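K.L.:
Protein chains: 2
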Amino acid sequence: MDRKIVLTIGRQFGSGGRDIGQRLAASLGFGYYDKELVTMAAKESGLCPEVFENADEKASDGLAHAFTMGLSYMGMFTPHADILSNEGLFKIQSDTIRNLAEKESCVIVGRCADYILRDNPDCLSFFIHNNTEVRVQRVLEMHPEITVEQAKNFMAKTDKSRAAYYNCYTNKTWGNAASYHLSINASVLGIDGTVKYIQHLVKTKFEL
Amino acid sequence: MDRKIVLTIGRQFGSGGRDIGQRLAASLGFGYYDKELVTMAAKESGLCPEVFENADEKASDGLAHAFTMGLSYMGMFTPHADILSNEGLFKIQSDTIRNLAEKESCVIVGRCADYILRDNPDCLSFFIHNNTEVRVQRVLEMHPEITVEQAKNFMAKTDKSRAAYYNCYTNKTWGNAASYHLSINASVLGIDGTVKYIQHLVKTKFEL
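Going down the list, the protein sequences come from chains A and B.
For what it's worth, this note's numbering labels the leading residue of the first sequence as 183, then goes sequentially.
For what it's worth, this note's numbering labels the leading residue of the second sequence as 183, then goes sequentially.
1. If we call anything under 7 Å between Cβ atoms a contact, is Ala295(B) one with Thr221(B)?
2. Quick check: is any heavy atom of the ligand FMN less than 6 Å from the C-beta of Cys305(A)?
3. Mark Gln332(A) as exposed unless 16 or more other C-beta atoms lie within 10 angstroms of its C-beta, in which case mark it buried.
4. Hey, Tyr362(B) and Phe308(B): beta-carbon distance below 7 Å or not?
5. Could you tell me whether the Cβ of Ala359(B) comes closer than 7 Å to any Cβ of chain C?
6. Among residues of its own chain, excluding the 5 on either side of Tyr379(A), which ones have a beta-carbon nearer than 6 Å to its beta-carbon?
7. From the beta carbon of Asn236(A), is the nearest beta carbon of chain B less than 7 Å away?
8. Starting from Leu210(B), find everything on chain A with Cβ-Cβ shorter than 9 Å and list it in chain order.
9. For a contact defined as C-beta to C-beta under 8 Å, what are the partners of Gly375(A) on chain B?
10. Which one or two residues does DSSP pair with Ile191(A) in a beta bridge?
11. By DSSP, does Asn281(B) sit in helix, in strand, or in coil?
12. According to DSSP, is Leu229(B) part of a helix, a strand, or is it coil?
13. Which residues in chain B have a C-beta closer than 7 Å to the C-beta of Asn349(A)? List them in chain order.
14. For a test of the three-state rule: what should DSSP assign to Ser365(A), helix, strand or coil?
15. Given a cut-off of 7 Å, decide if Glu239(B) and Arg344(B) are closer than it, judged by their beta-carbon atoms.
16. Any Cβ of chain A within less than 7 Å of the Cβ of Leu325(B)?
17. Name the DSSP beta bridge partners of Gly213(A), please?
18. Could you tell me how far apart the beta carbons of Gly192(A) and Arg320(A) are, in whole angstroms, since I believe they sit closer than 8 Å?
19. Among Gly203(A), Ala346(A), Gly213(A) and Ile274(A), which one has its Cα closest to the Cα of Ala224(A)?
20. Return no unless some Cβ of chain A is closer than 7 Å to the Cβ of Asn353(B).
21. Who are the neighbours of Asn302(A) on chain B, taking C-beta pairs under 8 Å?
22. Go ahead and label Asp184(A) buried or exposed: buried means 16 or more other beta carbons lie within 10 angstroms of its beta carbon, across all protein chains shown.
23. Note down the Cα distance separating Lys342(A) from Ala359(B), rounded to an integer number of angstroms.
24. Is there a Cβ from chain A that is less than 7 Å from the Cβ of Ser343(B)?
25. Under the three-state reduction of DSSP, which class applies to Asn335(A): helix, strand or coil?
26. Counting C-beta neighbours from all protein chains within 10 Å, is the total for Gly228(A) 16 or more, i.e. buried, or is it exposed?
27. For Asn358(B), which of helix, strand or coil comes out of DSSP?
28. Within a Cβ cutoff of 7 Å, which residues of the same chain sit near Ser209(A), ignoring the five residues on either side of it in sequence?
29. Less than 6 Å between C-beta atoms, sequence neighbours within five positions excluded: which residues of the same chain meet that for Phe272(B)?
30. Are any of the Cβ atoms in chain B nearer than 7 Å to that of Ser365(A)?
31. Using the beta-carbon count (16 or more within 10 Å), is Cys230(A) buried or exposed?
32. Sorted by chain position, which residues of the same chain lie with C-beta nearer than 8 Å to Ala463(B)'s C-beta, five sequence neighbours on each side aside?
33. Roughly how many angstroms separate the alpha carbons of Cys288(A) and Ala241(B), rounded to a whole number?
34. Let me see if you follow: with CB-CB separation under 7 Å, is Phe195(A) close to chain B or not?
35. Using 7 Å as the limit for Cβ to Cβ distance, is Val316(A) near chain B?
Here it is as structure tokens:
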């Protein structure tokens, strides 16, 4: 198949969006990219992965200065010093995402991929959300050492940070229905049911 | 079938949400309620339909006073004068929606039905949006006498008003993905394709 289909997934923390993305990619035989993008962007740019990790899905703020100072302190060679702002890192990661979208059909989680690929007619964007109690339960399964209250705070903080990142780099609003082709509460059909339902849309749309 | 399934539809103006709701209801053999709710609420309350029409999907503001004054000016008998605020009208319409949901499987467009029926396990909520250019085209087909600019203004104003109404009477945000079970851009599959896709969810969820 010459056509490369890209499915982007935005998600509330604890919603199951990552699981859904992984299973969707596996079921369609597509590549899956989430944290992997950080390493790829680092590799392509020649910058160290930590720089991207620190800025990963974080909105631009005073950190840009800290990065530059940190790199300078570490005595690193900085051939891209002029773009070592969060905007610069976003630009590099955007190129990585665009390159990826040209090379293979894939599922990309987060990182404003829906906005970066907004002009790609073979890209469909999804947003996964879930009932609060289900999200809390999922977070507690990942972090059994924390309390319900802490899980709720963690969810709120992570989503706030994701929203700030998305709203900073796109002209859209994180979590707003109109920002995505399809948004779904994963509780309606469960994780596997949601994967099948999204797969149905992809197969119908692209006549797979 | 003893179980009454209710599908609520929120929609951007010009998105095709109303068409989708009508066709969805027809395809499932469900009742369809949109403007009809105004007449029903009026009938059930004994108030004149105009009172509900004027307040239909409008947020509470100084209008409550104007309604009361208007009724008084018309010399109408006002047995419910104490609830003749927009909140009172919302309450009456909410009762109409709840009664309806108990009586028959149906599709209800707008009027915060998703919020009113939030505790009904047999209720699924949808939000329909669409690409701006498609919406403009649809509005121009309905109103060939207006310009593209006027159509855009009309869309923006109507959606602003719908959002104000929804945000005023619910603890959710109009158009926010998390406020609905499913949100979809009707351009992905077209109107009929979207109807089929939603129908697929309903049939899967409720094992129809």
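Glycine residues also receive a C-beta, built at the ideal position from the N, C-alpha and C atoms.
The structure displayed is predicted, hence computed values, not measured ones.
P.N.:
Judging by the given coordinates:
1. no
2. Among the ligands in the structure shown, none appear at all, so the ligand FMN cannot be discussed.
3. Gln332(A) is exposed by the Cβ-count criterion.
4. yes
5. The structure shown contains no chain C; its protein chains are A and B.
6. Leu371
7. no
8. Simply none; closest approach about 17 Å.
9. Against chain B, the beta carbon of Gly375(A) has neighbours under 8 Å at Thr386, listed in chain order.
10. Val291(A) and Phe308(A)
11. helix
12. coil
13. Within 7 Å Cβ-Cβ: nothing; Asn349(A) doesn't reach chain B, min ~13 Å.
14. strand
15. yes
16. At residue 325(B) the sequence reads His, which differs from the Leu that was named. No, His325(B) does not count as interfacial toward chain A.
17. Cys288(A)
18. So it is not a contact: roughly 17 Å between Cβ atoms.
19. Ile274(A)
20. For Asn353(B), no Cβ of chain A is located within less than 7 Å of the residue's own Cβ.
21. None at all; the shortest Cβ gap to chain B is about 14 Å.
22. exposed
23. 15 Å
24. no
25. helix
26. exposed
27. strand
28. Val377 and Gln381
29. Tyr351
30. At least one chain B Cβ lies under 7 Å of Ser365(A).
31. exposed
32. Nothing in the structure corresponds to residue 463(B), since chain B is present only between 183 and 390.
33. 44 Å
34. no
35. Chain B, which has no Cβ nearer than 7 Å to the Cβ of Val316(A), makes this no.
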